[in-house]
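Below is one structure; the comments refer to it alone.
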Amino acid sequence: MPPAWLDGRRLVYFAGWKEHMALYTIGVMDAELEVDLAPFRADMDTVRFPLKHPVPYDLVEWITRALVVARPA
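Residues 1 to 73 (full-length UniProt numbering) are what the sequence shown spells out, left to right.
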């Protein structure tokens, strides 16, 4: 499963499957973001976006930005 890298460190893992696209090891986000993630949560560290619906790229961007901000220096 490939990661997205930032400054030489893994930021998030992603994978495409037959029926969904998923982001892994994202952990728990802030409360406002978790409300939007709730329909896509597969478990505490995974979100799954079913391919039968358009991928919510704005939400993927929000997750990515939150991970960048939360990452230790």
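In this text, a Cβ means the ideal position worked out from N, Cα and C, and glycines have one as well.
Identity of the residue in the options nearest residue i by Cα
i: lysine 18; options: Phe49, Pro72, Leu59 and Leu67; result: Phe49
i: valine 35; options: Val12, Met1 and Ile63; result: Ile63
i: leucine 33; options: Pro3, Pro2, Ala4 and Glu61; result: Glu61
Whether residue i touches residue j by CB criterion (7 Å)
i: alanine 66; j: methionine 29; result: yes
i: glycine 27; j: aspartate 45; result: yes
Straight-line Cα distance separating residue j from residue i
i: alanine 51; j: arginine 41; result: For the record, residue 51 in the displayed sequence is leucine; it is not alanine. Their Cα atoms are separated by approximately 15 Å.
i: proline 72; j: leucine 11; result: 11 Å
i: valine 55; j: leucine 23; result: 12 Å
i: arginine 9; j: proline 3; result: 9 Å
Local Cβ density within 10 Å of residue i, reported as buried at 16 or more and exposed below that
i: valine 47; result: buried
i: valine 69; result: exposed
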